[in-house]
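Engineer: Sharing a structure here in structure tokens format.
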Amino acid sequence: MHLSDHHRRRLTGLALAMAVAVAAAACASSHPGDGNKAATAPRTTAAPASPTAASPSAAAITPTPAARPAAVPAVQVSPASAATTSRAAYSSNLASVSCPHGSWCMAVGSWSPSQQSPSRTLAEAWNGTSWQILATPDPAGSAASSLTSVSCTSATRCMAVGDHASGTFAEAWNGISWQILTTPALPASSLTAVSCTTAARCVAVGGYGTHALAEAWNGASWQVLRTGNPAGTASSSLTSVSCTIAGRCMAVGYAAAVNWLQGQLLIAEQWNGASWQILPTPDPLPGQINSFWSVSCSSAARCMAVGGSEVNQGAGPLPSFAEAWNGSNWRLVNAANPPTGRRQLTGVSCTAAARCMAVGNSTSIEAAKGSGPYAETWNGTSWQLLTAPGPGSLAYPGLGLAGVSCANNASCIAAGGFFTNPGVTSQSSTLAEAWNGISWRVLRPLNP
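Take the position in the sequence shown, starting the count at 1, then add 15; the result is the number in the numbering used here.
So this is what it looks like as structure tokens:
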């Protein structure tokens, strides 16, 4: 099953791909409709760059916008699986969800028919009562492909981005079918998040090589936007983006320090319609491996970003964190963490400056206790921990929520996945949960 570099790094934070916990058990991851209120699942953390690595200049890493090919490449279509609701897929998970209103959502991810088979794209629509799997195109000739993020401005207008073995791609939903779109060809690239303000105005972010990547959709083609690595860093990647109006976006991610003893640093960049500006962000645990996983903005001057930290050297449980943007600066706000284990907040959705919902998962340091999803709500002053149930019959580790999207304060959908076999780290099933303003309940998304 293919996983992009972004997904591999997010494995430690999300139990849906929690290879570490399963291995231990054997021995003993903006406004309504913003798809990136469901950040994609965290990757397995790589060690920071060695002290000898050089920090490239912004000009040196800026790619030339690639021309859109005249013809859309041939595609192979993932089956809609409408004939059955029984489990046929060996592995499936949802990476992102977007709800333009309370009774309709779109979720995307990937699935594999067998352990040896490459992953394929997956999309499911929620109508307020049930899920429907939709046919999605896969780039022809690609060994594997997956959708990592989706943003919908209405039930008939969505944009999804993803990765395949040879690079990146995008898909557009018109209310009837998904159409594959070409993206600029860049080496070792991945798109991890997308946010749209209209059907013809989207921004997607990710990385290519050791550089942060941003691209803009104008209704006809995707074009690369200029980004740069923060000073004193050897590499950077953007993991999430939230746009409130056309030309006003906030993107977050992480950067590896040139000096590996300084760990991994948080980064935030603001788009004004013409250029990106790197903003100072406080690191919750200096010297450790800090990562932003999701950001949501209710306005250009009000954003909330969430993430998690890991130990730079050695092992140990570390808390999740949140940071708030007030239009001038970022500040740390105390997240509400479960009492033990490795905590990661992987998705956040804000309907107002004082109304945000965040989701994630907590991995117990005791392998036998496994891991589980959790959620918390922001009231403008503090975070309050909420109970997010698992899929009931689960008796072994490996589940988590990858992201969340709220249409209003009393209507949120979170999506992710969980392991279905305690001894097989690649076998998983989709997971979704709904918030009604009082409590979370498990939904039953379909598996191909």
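Heads up, the beta-carbon is just placed ideally off N, CA and C, and yes, glycines get one too.
Given this structure, state the Cα-to-Cα distance separating Asn462 from Ala104, to the nearest angstrom.
Structural biologist: Cα to Cα, Asn462 sits roughly 6 Å from Ala104.
Engineer: Thinking Met372 and Thr392 are a contact (beta carbons under 8 Å), I'd like their distance in whole angstroms, please.
Structural biologist: Contact flag correct, Cβ pair sits at about 6 Å.
Engineer: Under 6 Å Cβ to Cβ from Pro460, same chain only, skipping five residues before and after it: list those, please.
Structural biologist: So the qualifying residues of the chain are Glu139, Trp146, Thr445 and Ala447.
Engineer: Using only alpha-carbon positions, find the residue among Arg358, Thr225, Ala368 and Leu196 that is nearest to Asn424.
Structural biologist: Considering only alpha carbons, the answer is Ala368.
Engineer: Assign Pro245 to buried or exposed, taking buried as 16 or more other Cβ atoms, counted over all protein chains shown, within 10 Å of its Cβ.
Structural biologist: Looking at its Cβ environment, which holds 16 or more other Cβ atoms inside 10 Å, Pro245 is buried.
Engineer: Between the C-alpha atoms of Ala208 and Ala110, what's the straight-line distance to the nearest angstrom?
Structural biologist: About 10 Å.
Engineer: Just verifying my parser: in three-state terms, what is the DSSP assignment at Leu458?
Structural biologist: Three-state DSSP puts Leu458 in a strand.
Engineer: Return the residue from the list Leu360, Pro301 and His226 that minimises the CA-CA distance to Leu240.
Structural biologist: Selected option, being the one with the closest Cα: His226.
Engineer: In chain order, what residues of the same chain have a beta carbon less than 8 Å from the beta carbon of Tyr223, not counting five sequence neighbours either side?
Structural biologist: Around Tyr223: Pro78, Leu201, Pro202, Ala203, Ser204 and Ser205.
Engineer: Considering only C-alpha positions, which residue in the set Trp450, Ala403 and Thr402 is nearest to Ala422?
Structural biologist: Ranking the options by Cα distance to Ala422, first place goes to Trp450.
Engineer: Here's a check: name, in chain order, each residue in its chain whose Cβ is nearer than 8 Å to the Cβ of Gly452, leaving out the five neighbours to either side.
Structural biologist: Result list for Gly452: Asn424, Ala425 and Ser426, in chain order.
Engineer: Going by beta carbon distance, what residues of the same chain come within less than 8 Å of Trp291, once the five residues before and after it are set aside?
Structural biologist: Once the five neighbours on either side are set aside, the close Cβ partners of Trp291 are Ala229, Leu240, Arg241, Thr242, Gly243, Ala266, Glu284 and Gln285.
Engineer: Buried or exposed: where does Pro353 fall if 16 or more other Cβ atoms within 10 Å of its Cβ makes it buried?
Structural biologist: Burial call: buried.
Engineer: According to DSSP, is Leu276 part of a helix, a strand, or is it coil?
Structural biologist: Correct three-state label for Leu276: helix.
Engineer: Are the CB atoms of Ile428 and Cys120 within a distance shorter than 8 Å?
Structural biologist: Yes; because the gap between Cβ atoms is below 8 Å, this pair is in contact.
Engineer: Identify every run of the beta strand (DSSP E) within the region 317-395, keeping only runs that are complete inside it and at least 3 residues long; order them along the chain.
Structural biologist: Counting only runs of 3 or more, we get 317-325, 335-340, 345-348, 357-367, 370-378 and 386-393.
Engineer: Report the CB separation of Gly322 from Asn305 in whole angstroms; it is logged as a contact under 8 Å.
Structural biologist: Between Asn305 and Gly322 the Cβ distance is about 7 Å, and since that is below 8 Å, they are a contact.
Engineer: Just to check my reading of the structure: Val218 and Thr248 have Cβ atoms closer than 8 Å, yes? What is that Cβ distance to the nearest angstrom?
Structural biologist: 22 Å between Cβ atoms; not a contact.
Engineer: For Gly342 versus Phe307, is the C-beta spacing smaller than 8 Å?
Structural biologist: Taking 8 Å as the Cβ cut-off, Gly342 and Phe307 do not qualify as a contacting pair.
Engineer: Helix, strand or coil: how does DSSP classify Ser125 here?
Structural biologist: Strand at Ser125.
Engineer: Measuring straight from C-alpha to C-alpha, what distance separates Leu401 and Phe184?
Structural biologist: Taking the straight line joining both Cα atoms gives about 36 Å.
Engineer: Are the CB atoms of Ser164 and Ala175 nearer to each other than 8 Å?
Structural biologist: Their beta carbons are under 8 Å apart, which means Ser164 touches Ala175 by this criterion.
Engineer: Whole angstroms is fine: what's the gap from Met319's alpha carbon to Leu300's?
Structural biologist: Near 18 Å, if we compare the C-alpha coordinates of Leu300 and Met319.
Engineer: For Asn423, which residues does DSSP report across the bridge?
Structural biologist: Answer by DSSP bridge pairing, in chain order: Ser426.
Engineer: Out of Val123, Ser309, Gly356 and Gly117, point me to the one whose CA is closest to Gly430's CA.
Structural biologist: The question names Gly, yet the displayed sequence has Ala at residue 430. Closest option to Ala430, Cα to Cα, is Val123.
Engineer: Can you tell me whether His21 is buried or exposed, with buried defined as 16 or more other CB within 10 angstroms of its CB?
Structural biologist: The predicted position of His21 is uncertain, since its pLDDT is 45 and thus under 50; a value taken from the coordinates is nonetheless stated next. Per the 10 Å Cβ criterion, buried.
Engineer: Rounded to a whole number of angstroms, what is the C-alpha to C-alpha distance between Leu294 and Gln131?
Structural biologist: Roughly 43 Å between the two C-alpha positions.
Engineer: Give me the Cα-Cα distance between His46 and Ala350, rounded to the nearest whole angstrom.
Structural biologist: The predicted model places His46 with a pLDDT of 37, which falls under 50 and marks its position as unreliable, so this point remains unresolved.
Engineer: Under a Cβ-count criterion, where at least 16 other Cβ atoms within 10 Å of its own Cβ denotes burial, should Ser118 be classed as buried or exposed?
Structural biologist: With fewer than 16 other Cβ atoms within 10 Å, it is exposed.
Engineer: Should Thr144 go down as buried or exposed, given a rule of 16 or more other Cβ atoms within 10 Å for buried?
Structural biologist: So Thr144 counts as exposed.
Engineer: When DSSP labels each residue in this structure, what does Pro115 get in the three-state scheme?
Structural biologist: Reduced to three states, the DSSP call for Pro115 is strand.
Engineer: Who are the Cβ neighbours of Ala170 in its own chain at under 7 Å, not counting the five residues just before and after it?
Structural biologist: The residues are Pro115, Trp119 and Gly190.
Engineer: Count the other CB atoms, across all protein chains shown, that sit within 10 Å of the CB of Gly415; report buried if there are 16 or more and exposed otherwise.
Structural biologist: So Gly415 ends up on the buried side.
Engineer: Return the first residue and the last residue of the beta strand (DSSP E) that Tyr105 is part of.
Structural biologist: Tyr105 -> no beta strand (DSSP E), and no H or E assigned at all.
Engineer: Check each candidate in Tyr389, Ser134 and Leu347 and name the one with the smallest Cα separation from Gly356.
Structural biologist: It is Tyr389.
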